[in-house]
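Here the structure comes first, spelled out in structure tokens, and everything after it is commentary.
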Ligand code: SF4
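In this note's numbering, the protein residues as written are 657 to 965.
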């Protein structure tokens, strides 16, 4: 009997999830020293998938990426007369470690591999981990091929894209990836999570990207939980409510400020006092000034958030 459509959709979503969490795919490969690569993250993605699944910002990024990819695959199919494959999996054995390689698009007649990346802002050059991913796809491809990354920025009506051709990986880079895969395999077999790599810092990339975007495992790596018994529960509750109130007032203020800015666009730009009905509008033109740099004293900043029930 045919499975109900809901079950099939659930299975497809589960497969997508498992793909993200598999430490032995081309997209997860890298080596220490490669910009943005973290061995610990690669294993945490697998052993603690809930960190990624509970990260709302990241889920929004995934979903947006998923739909951009879907739409772009259709466009590529439509504009080519040749056969375009959008589901292909190759296996690459790297010194006994099997790596699953599934490029987004494979066009055999053009010997072309295309990896689609939905981004907020088109980069000037490919990200290193994307370059490695496509480099591995080129290695796994059964034929000689050209590898490309298509970066796509898609927001409402705005559509920007840029393509980059990716060179084959150098021999010494392939060796480093193989070595790293063997180490990751050992951690994976022993169900262990590697330590934070030397030199990584809590407020630096790849742990920290911006105030709203950080590695989904940040709490696991950097949050030092202390029980602050000297703080009364009532106090922290009041503090938290105050924090929320101030946050919402700041947001309202920001909206009002931007509305005010829009109106000011139509106001005179010359110094003077202007009469307008019952009002008087004073225009002060402040000349450009270089503000000397100043020393900021050290201070403590508190951030409060409520644990999920
Ligand atoms: S927070 Fe930093 S050290 Fe921890 S997994 Fe993420 S990238 Fe690696």
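Here a beta-carbon is modelled for each residue, glycine too, at the ideal position from N, C-alpha and C.
Inter-residue spacing [alpha-carbon to alpha-carbon] between residue 945 and residue 917: 22 Å
Quick one: what does DSSP say residue 657 is sitting in, helix, strand or coil? coil
Of all the beta strand (DSSP E) runs that stay within the bounds of the stretch 658-744, which reach a length of 3 or more residues? none
Of the choices 791, 806, 943, 797, whose alpha-carbon is the least far from that of residue 815? 806
So residue 682 and residue 767 are in contact, right, with Cβ under 8 Å, and what is the actual spacing, rounded? About 18 Å; that fails the 8 Å criterion.
Put residue 894 into one of helix, strand or coil per three-state DSSP. helix
Option in 877, 855, 769 with minimal Cα separation from residue 824: 769
Closer than 6 Å is what we want: which residues have a beta carbon that near any heavy atom of ligand 1? List them in chain order. 694, 696, 697, 700, 852, 856, 862, 863, 871, 873, 874, 877
Taking the DSSP output, what are the residues bridged to residue 773? 807
Within a Cβ cutoff of 6 Å, which residues of the same chain sit near residue 832, ignoring the five residues on either side of it in sequence? 687
Whole angstroms are fine: how far does the CA of residue 712 sit from the CA of residue 865? Distance between residue 865 and residue 712, taken at the CA atoms: about 15 Å.
Exposure label - residue 894; buried when at least 16 CB within 10 Å: exposed
The stretch 772-784 touching the stretch 739-746, judged by at least three CB pairs closer than 8 Å: No, the stretch 772-784 is not in contact with the stretch 739-746.
Residue 797 in three-state terms, based on DSSP: coil
Among 955, 903, 871, nearest to residue 698 - alpha-carbon criterion: 871
Going by DSSP in three states, residue 830 sits in which element: helix, strand or coil? helix
Cβ separation of residue 692 and residue 862, assumed to be a contact under 8 Å, to the nearest whole Å: The beta-carbon separation of residue 692 and residue 862, rounded to 5 Å, stays under the 8 Å limit for a contact.
Considering residue 932, what are the terminal residues of the beta strand (DSSP E) in which it resides? 928-932
Hey, is residue 935's beta-carbon within less than 8 Å of any beta-carbon in chain D? Although the question refers to chain D, the structure presented lacks it and comprises just one protein chain.
Pick out whichever of 703, 665, 685, 902 has its Cα sitting closest to the Cα of residue 846. 703
With distances taken from CA atoms, which of 771, 889, 928, 888 is nearest residue 726? 771
To the nearest angstrom, how far is it from the Cα of residue 729 to the Cα of residue 892? Each residue's Cα considered, the two are about 50 Å apart.
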